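There are 2 protein chains.
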Amino acid sequence: MQPFEIHILGCGSALPTPRHLPSAQVVNLRDKLLLIDCGEGTQIAWRHTGLNWQRISHIFLSHAHGDHVFGLPGLISTMGLMGRTSPLYIHGPANLRNYIEFTIAHFCPDMDYEVQFCPVDTTKHALIFEDRSMEVWSLPLRHRVPCSGYLIKEKPGLPHIRREMIDFYEIPTWAINKIKAGEDWQTPEGDIIPNSRLITPPDPVRSYAYCSDTMSVPELAEWCHDVTLMYHEATYATSEISHADKYGHSTAAQAAACAKSANAQRLMLGHFSARYEDENLLLNEAKAIFENTILAQERLRIAL
Amino acid sequence: MQPFEIHILGCGSALPTPRHLPSAQVVNLRDKLLLIDCGEGTQIAWRHTGLNWQRISHIFLSHAHGDHVFGLPGLISTMGLMGRTSPLYIHGPANLRNYIEFTIAHFCPDMDYEVQFCPVDTTKHALIFEDRSMEVWSLPLRHRVPCSGYLIKEKPGLPHIRREMIDFYEIPTWAINKIKAGEDWQTPEGDIIPNSRLITPPDPVRSYAYCSDTMSVPELAEWCHDVTLMYHEATYATSEISHADKYGHSTAAQAAACAKSANAQRLMLGHFSARYEDENLLLNEAKAIFENTILAQERLRIAL
Numbered sequence: 053m054q055p056f057e058i059h060i061l062g063c064g065s066a067l068p069t070p071r072h073l074p075s076a077q078v079v080n081l082r083d084k085l086l087l088i089d090c091g092e093g094t095q096i097a098w099r100h101t102g103l104n105w106q107r108i109s110h111i112f113l114s115h116a117h118g119d120h121v122f123g124l125p126g127l128i129s130t131m132g133l134m135g136r137t138s139p140l141y142i143h144g145p146a147n148l149r150n151y152i153e154f155t156i157a158h159f160c161p162d163m164d165y166e167v168q169f170c171p172v173d174t175t176k177h178a179l180i181f182e183d184r185s186m187e188v189w190s191l192p193l194r195h196r197v198p199c200s201g202y203l204i205k206e207k208p209g210l211p212h213i214r215r216e217m218i219d220f221y222e223i224p225t226w227a228i229n230k231i232k233a234g235e236d237w238q239t240p241e242g243d244i245i246p247n248s249r250l251i252t253p254p255d256p257v258r259s260y261a262y263c264s265d266t267m268s269v270p271e272l273a274e275w276c277h278d279v280t281l282m283y284h285e286a287t288y289a290t291s292e293i294s295h296a297d298k299y300g301h302s303t304a305a306q307a308a309a310c311a312k313s314a315n316a317q318r319l320m321l322g323h324f325s326a327r328y329e330d331e332n333l334l335l336n337e338a339k340a341i342f343e344n345t346i347l348a349q350e351r352l353r354i355a356l
Numbered sequence: 053m054q055p056f057e058i059h060i061l062g063c064g065s066a067l068p069t070p071r072h073l074p075s076a077q078v079v080n081l082r083d084k085l086l087l088i089d090c091g092e093g094t095q096i097a098w099r100h101t102g103l104n105w106q107r108i109s110h111i112f113l114s115h116a117h118g119d120h121v122f123g124l125p126g127l128i129s130t131m132g133l134m135g136r137t138s139p140l141y142i143h144g145p146a147n148l149r150n151y152i153e154f155t156i157a158h159f160c161p162d163m164d165y166e167v168q169f170c171p172v173d174t175t176k177h178a179l180i181f182e183d184r185s186m187e188v189w190s191l192p193l194r195h196r197v198p199c200s201g202y203l204i205k206e207k208p209g210l211p212h213i214r215r216e217m218i219d220f221y222e223i224p225t226w227a228i229n230k231i232k233a234g235e236d237w238q239t240p241e242g243d244i245i246p247n248s249r250l251i252t253p254p255d256p257v258r259s260y261a262y263c264s265d266t267m268s269v270p271e272l273a274e275w276c277h278d279v280t281l282m283y284h285e286a287t288y289a290t291s292e293i294s295h296a297d298k299y300g301h302s303t304a305a306q307a308a309a310c311a312k313s314a315n316a317q318r319l320m321l322g323h324f325s326a327r328y329e330d331e332n333l334l335l336n337e338a339k340a341i342f343e344n345t346i347l348a349q350e351r352l353r354i355a356l
């Protein structure tokens, strides 16, 4: 299978701790790299991924809070210093445009590449980017400021050829792509071999939902239905639910309820409050509702 | 002696490397903390100092390049989140005002403390801050943008009382501060004991000069005369002197020549280009001119 991996660079919340960096993660989908959020230290944490950051062409930012974007100026500058020439597309709520334009104008006006800001309507669940291999959808979230999550879905691949049938019917190479595209095969004797005998189904479509920062959003159940992996913020334990409500965050139990209602295959908790020395408290509260839950951690790499 | 310590948080140049963070250092002078420059990751690197960052009341920024200031937004925000109420004074070239004001307006408009920007005239060697225990002087540097170094000098302390004389003449406690201030002592019998017999001289005055980023500045020899420790950027080796000239930086040999002409007691090299895997090349080039030279390194603490 083609790679579809999530690399966690940071999964803490706003207050720095010795245990966590602020939010940032990389999605490697068929060797295309997407950066989601860009907290301070992203370019420093990046090195542990072993990935070439010049291969990022799209960055998706959830919202204009420092712990999600303060690594962006350093990343933009360094990409310029390293000789980048290909354009960089940054998607995020419209109120981030000023920040990006200010940064470039003041700190890196003479770069050899273009940064293009693509505003995301944080009130709509919409397709905001696609290419041959993926779609990225916005996920309207509920936070103190305009905020969007992102759903990354790979596009269905082609079916697989059944090698033994190709050999048996001596099907030539030029016909393979037509069969993958759905055609039957006619033998030299005029027999029609139906397409369904020549192929096996494509790999199942995988998807990843990034939901941070947010209070409970019931619509995520529908938007992210059957998602392969959901990253949902779990800033607080249930005992701190009043903080979650006050600051526009979720408890671990709320994150788990969301994953359950979306019929997610797996849930990853993140954006942990600095108050928890041991986040197993959060994990256990989530697992009581949705068993297949894990904790995010810096340097964690998950393959879907 | 009262503490006068330098903590190196970062001493790399603009390109991030696995070995170095961008420029930032803390000066602890008699338990007052000054932050000099604030590259990305400063609030993360800070934790290794064991110092309480809420005790910083003055930050001195050299110039408006990202590798010297991109850690500032995170630091300002976090100080606010941690409940700071005392004002924070940020000194630096005038073109940093917009950056600081933009950051606060966009990311932390509701903080409970005031950030006051104090512009530094980068063309004048002038006293820009003083309190009971120190003076901070600007050091006009030569870089691609307006840039200032900083000279931090402790003020002379009081002389030390000679304990054995106090005991011998049975001098009461209430007279001690008068003697420290220069008065003689009159015995009950009317004899005058001259002040010079009662005291030993105060500790020698210590000073620290931060000179980064800059080409050679001949006036530093006079401004920093007899400085206890000079931190001077040494971005390049002599073989790269054309780069140094082009980008407004110094070679290690130029840094050493500056320390020598200033009659510095010690020189610390920093702001290393990412191209040097082994900075002993820089160290050796400097030592050939000024023997008492060391390399800066993250987590290094130097007591003056």
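Protein chains in written order, with the working numbering: chain P, 53 to 356; chain H, 53 to 356.
Quick reminder that beta carbons are idealized off the backbone N, C-alpha and C, glycines included.
In this text the structure is predicted, and so the values were computed from the model without any measurement.
According to DSSP, Trp-189 (chain H) shares a beta bridge with H:Leu-179, H:Leu-203. Bounds of the alpha helix (DSSP H) holding Asp-297 (chain P) are 293-299.
Rounded to the nearest angstrom, the gap between the Cα atoms of His-143 (chain H) and Leu-133 (chain H) is 22 Å. Under the DSSP assignment, Asp-89 (chain H) falls in the beta strand (DSSP E) whose first and last residues are 84-90. Proximity to Ser-259 (chain P) across P:Glu-187, P:Phe-181, P:Arg-71 peaks at P:Glu-187, based on C-alpha coordinates. Its Cα nearest to that of Tyr-288 (chain H), the residue H:Asp-297 stands out among H:Leu-281, H:Thr-280, H:Ala-309, H:Asp-297.
According to the DSSP assignment, Ser-313 (chain P) belongs to the alpha helix (DSSP H) that extends over 304-313. Against chain P, the CB of Asn-104 (chain H) has no partner CB under 8 Å away; the residue lies outside that interface. As computed with DSSP, Trp-237 (chain H) is found in a beta bridge with H:Ile-245.
Per the coordinates, the alpha-carbon of Glu-271 (chain H) lies some 13 Å from the alpha-carbon of Val-279 (chain H). For Gln-95 (chain P), the CB contacts under 8 Å within the same chain, skipping 5 residues up- and downstream, are Trp-105, Gly-123, Gly-126, Leu-127, Thr-130 in chain order.
If you draw a 10 Å sphere on the C-beta of Trp-98 (chain P), you find 16 or more other C-beta atoms in it, and that means buried.
Nearest to Thr-137 (chain P) by C-alpha distance, out of P:Ser-65, P:Asn-150, P:Asn-229, P:Asp-164, is P:Asp-164. Listed in chain order, the positions of the segment 154-175 of chain H with a beta carbon within less than 8 Å of a beta carbon of chain P are Phe-154, His-158, Phe-159, Cys-160. If you ignore the 5 residues before and after Phe-112 (chain P), its C-beta comes within less than 6 Å of the C-beta of Ile-88, His-143, Tyr-202, all in its own chain and listed in chain order. Cβ-Cβ distances below 8 Å link Thr-290 (chain H) to Thr-303, Ala-304, Ala-305, Glu-337 in the same chain, with the five nearest sequence neighbours on each side left out; the list follows chain order. A straight line joining the alpha-carbon of Pro-70 (chain H) with that of Asp-265 (chain H) spans about 21 Å. Taking 8 Å as the upper bound for CB-CB distance, Leu-81 (chain P) and Ile-156 (chain P) are not in contact here, some 27 Å apart.
Per DSSP, the continuous alpha helix (DSSP H) segment holding Asn-150 (chain P) begins and ends at 149-159. Close partners of Gln-95 (chain H) in chain P (Cβ separation under 8 Å): Pro-68, Glu-92.
Close to Thr-252 (chain P), with beta-carbon spacing below 7 Å, lies no residue of chain H; the smallest spacing is near 45 Å. For Gly-118 (chain P), the C-beta contacts it makes with chain H under 7 Å involve Pro-125, Gly-126, Ser-129, Phe-159, in order along the chain. Taking C-alpha positions only, Leu-210 (chain H) is separated from Asn-247 (chain H) by approximately 13 Å. For Phe-122 (chain H), the C-beta contacts it makes with chain P under 7 Å involve Pro-125, Gly-126, in order along the chain. The beta carbon of Glu-343 (chain H) lies closer than 7 Å to none in the same chain, with the five residues before and after it left out.
Residues of chain P with a Cβ closer than 7 Å to the Cβ of Tyr-151 (chain H) are, in chain order, His-158. In this structure, Leu-321 (chain P) keeps its C-beta atom at 8 Å or more from the C-beta atom of Ala-355 (chain P). One finds Ala-66, Leu-67 in chain P with Cβ atoms closer than 8 Å to the Cβ of Leu-133 (chain H), taken in chain order.
The Cβ of Arg-136 (chain H) sits no closer than 8 Å to any Cβ of chain P. Beyond the five residues adjoining it in sequence on each side, Ala-261 (chain H) comes within less than 6 Å, by CB distance, of Leu-203, Cys-276, Val-279, Met-282 in the same chain, given in chain order. Residue pairing by DSSP puts Thr-345 (chain H) in a beta bridge opposite H:Leu-319. Within the segment 54-118 of chain H, the complete alpha helix (DSSP H) segments at least 4 residues long are 94-97, listed from N- to C-terminus. Contact annotation: Ile-346 (chain H) and Ala-308 (chain H) have beta-carbon atoms that are not nearer than 8 Å. When the alpha-carbon of Trp-189 (chain P) is set against those of P:His-195, P:Arg-196, P:Ser-200, the nearest one is in P:Ser-200. Boundaries of the alpha helix (DSSP H) harbouring Gly-126 (chain H): 124-133, taken from the DSSP string.
Nearest in C-alpha terms to Lys-312 (chain H), of all of H:Leu-352, H:Ser-109, H:Leu-333, H:Val-269, is H:Val-269.
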